[in-house]
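One structure below.
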Amino acid sequence: QVQLVESGGGLVQAGGSLRLSCVASGSIFRIKDMGWYRQDPGKQRELVALISSGSTKYTDSVKGRFTISRDSAKNTVYLQMNSLKPEDTAVYYCYANSVFSDPLYWGQGTQVTVSS
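Everything in the sequence shown is counted per the working numbering, starting at 886 for the first residue and increasing by one.
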């Protein structure tokens, strides 16, 4: 199995920056892709960004502001979030997609709150 632990969330003013980190442990060989979802209470979980074989994808609302990266040597994926907006407020979840037919692996989530 794979364990994911996120860190880096917090409270920031609009226009500020945060960097989220997600460290993977356990059966690392099972991991194919990694990325970040977010969920605000009362809303559906939204895919924010993913990284796969060096290629990245972002949801439209964060393009140009967020950057996802992966350090394979540290088994870590990062989400650099700049120019944060109040609408970015959510719990951010790291996920990992397996090369096998496993369900998605999830972290416990980290709260990001952007004040106006």
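Just so it is clear, CB atoms sit at the ideal spot from N, CA and C, and this is done for glycine as well.
Remember, predicted model here, so these are calculated numbers, not experimental data.
Report task. Whole angstroms is fine: what's the gap from V999's alpha carbon to S938's? Result -> Position 114 of the sequence shown holds residue 999. Position 53 of the sequence shown holds residue 938. Roughly 31 Å separates the two Cα atoms.
**Report entry** Inter-residue spacing [alpha-carbon to alpha-carbon] between K917 and R955
**Finding:** Position 32 of the sequence shown, counting from 1, holds the residue named residue 917. Position 70 of the sequence shown, counting from 1, holds the residue named residue 955. If you take the alpha carbons of K917 and R955, they lie about 12 Å apart.
Query raised in the report: What number of angstroms, rounded off, separates the C-alpha of C979 from the C-alpha of Q886?
Result: Your numbering for residue 979 matches position 94 in the sequence shown. Your numbering for residue 886 matches position 1 in the sequence shown. Cα to Cα, the separation comes out at about 15 Å.
Query raised in the report: What are the partner residues of F985, as DSSP defines its beta bridges?
Result: Within the sequence shown, the letter at position 100 stands for residue 985. DSSP output for F985 lists no bridge partner at all.
Query - Cβ pair count under 8 Å reaching 3, the stretch 930-947 against the stretch 888-901 - result: no
Report task. Return the chain-ordered list of same chain residues with a C-beta closer than 6 Å to the C-beta of Q888, the five sequence neighbours on each side being excluded. Result -> Locating residue 888 in the sequence shown gives position 3, counting from the first residue. Excluding sequence neighbours, Q888 sits near S910 and G911.
Report task. Return the CA-CA distance between R950 and F985, expressed in angstroms with no decimal places. Result -> By one-based count along the sequence shown, residue 950 stands at place 65. By one-based count along the sequence shown, residue 985 stands at place 100. Approximately 32 Å, taken between the alpha carbons.
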